[in-house]
Structures are given as C-alpha cells and as structure tokens.
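*Asks:* Residue numbers (numbering that gives the first Met the number 0): 0 to 162. We put the CB at the ideal spot given by N, CA and C, even for glycine. Here the structure is a predicted model, which means the values were calculated and not measured.
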Amino acid sequence: MSATPTQKSSNVNQEELQKVFNQFDANRDGKISVTELRDVLKSMGSSITEEELKRVLEDIDTDKDGFINLSEFSSLFRSSSDEVTAALELRDAFDLYDQDKNGLISTSELHLVLNQLGMKCSVDDCARMIKSVDSDGDGNVNFEEFQKMMSASLVTNGKGSKP
0 MSATPTQKSS NVNQEELQKV FNQFDANRDG KISVTELRDV LKSMGSSITE EELKRVLEDI
60 DTDKDGFINL SEFSSLFRSS SDEVTAALEL RDAFDLYDQD KNGLISTSEL HLVLNQLGMK
120 CSVDDCARMI KSVDSDGDGN VNFEEFQKMM SASLVTNGKG SKP
C-alpha cells in the first residue's frame, strides 16, 4: 500500500526534524543536554546566557528529566508560530517582572515594576495580587503560576471566553 500525500509530507517533516535533532544531539544518546543545546546555539551566533538556556530547557523538557528527547523537540517545532510567539512574549513579560532573574516574582519586584509602568500600587496591594495566584504558597509567583494568571486574565477579559 502506498502512502498518501499527507503521510509522505508527515514522514518528510519527521525526517527533517530527526536530522535537526541529530545536529543538536552531539553524542548521539537520543537526547539533547543543556551543554549540547548551548554549543549548537553558540555555533549559530546566539549569545544566550546560562540562565536563559536553563529556562529554555525547562520550558521544552515536558517530562522534566533534564534533557530534550525527540518527542519534545518535535512538539516544539510542530507548535504554530503564533503559539511560539505567544510563549516567548509571555516569558519576556515574566522576565520583565523577575528583576533579580531567580525565576520568581516577589512582592517587591511586582511593586517596583508596576510603579515604573506608572501604576500606583502599594506594597500591600502587590502582596494581595501575588497571594491570589501563588498556588504553592511560597509568597512569590513562579513562571507556571504566571502562565495560569495570564490565561485566566485572557478568559475574564473576554479574549478567551466562548460566546
């Protein structure tokens, strides 16, 4: 039985993804490490910091084993460009608030940035905002909590709600 055009293009895309994956997977162990990711990005002229690199890996590594496997790599490239752009914009927004780059937004960081943006909020107001989305109770907002907050905001503002 011959493959349909859709199957053929799907196979070609998978083959192309495998080739790109293999370029990243220097030691051919079937997974991309932080070191391998850094080396390829640097060879492409990227000036990504170690912290940014760890965050990229964290975002892509859905099974949280510390590596990117072919499935995770493929999922990244199969995402629509709009989704990738939105995810990058969301990360940029988070990073704007995360002044000390520790992966958390504190009350003082939120207060500082909101005031810089011209929004007059008290530290207590900021503490209440953080408490409303702080699902792990550590007094800060991590990226996952920030994503949930932004998704909820889109729904309540009508952008993500159904008619």
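Using DSSP with H/G/I as helix, E/B as strand and the rest coil, what is Ile47?
*Replies:* If you number the sequence shown from 1, residue 47 lands on position 48. Here Ile47 sits in coil by DSSP.
*Asks:* Only counting the same chain, and skipping five residues up and downstream in sequence, which positions put a Cβ closer than 7 Å to that of Leu109?
*Replies:* Taking the sequence shown and counting its residues from 1, the one referred to as residue 109 is at position 110. If we look at Leu109 and ignore the five residues flanking it on each side, its Cβ neighbours are Tyr96, Cys125, Met128 and Ile129.
*Asks:* Among Asn101, Glu71 and Asn68, which one has its Cα closest to the Cα of Arg54?
*Replies:* Here residue 54 corresponds to residue number 55 of the sequence shown, with the count starting at 1. Ranking the options by Cα distance to Arg54, first place goes to Asn101.
*Asks:* Going by DSSP, what residues sit across from Asn68 in a beta bridge?
*Replies:* In the sequence shown, residue 68 corresponds to position 69, counting from 1. Its beta-bridge partners are Lys30.
*Asks:* Is it buried or exposed for Arg37, if we count other Cβ within 10 angstroms and need 16 for buried?
*Replies:* Here residue 37 refers to the residue found at position 38 of the sequence shown. Arg37 should be labelled buried.
*Asks:* Please determine whether the Cβ atom of Gln98 lies at a distance below 7 Å from any heavy atom of the ligand HEM.
*Replies:* Looking at this structure, you won't find the ligand HEM or any other ligand, since it has none at all.
*Asks:* So, at 6 Å on beta carbons, what are the nonlocal neighbours of Asp99 in its own chain, with the 5 sequence-adjacent residues on each side left out?
*Replies:* Translated into the one-based positions of the sequence shown, residue 99 becomes position 100. Around Asp99: no qualifying Cβ.
*Asks:* Confirm, please, whether the CB-CB distance from Glu14 to Asp24 is below 8 Å.
*Replies:* Start at 1 with the first residue of the sequence shown, and residue 24 comes out as number 25. Start at 1 with the first residue of the sequence shown, and residue 14 comes out as number 15. For Asp24 and Glu14, no; Cβs fall outside 8 Å.
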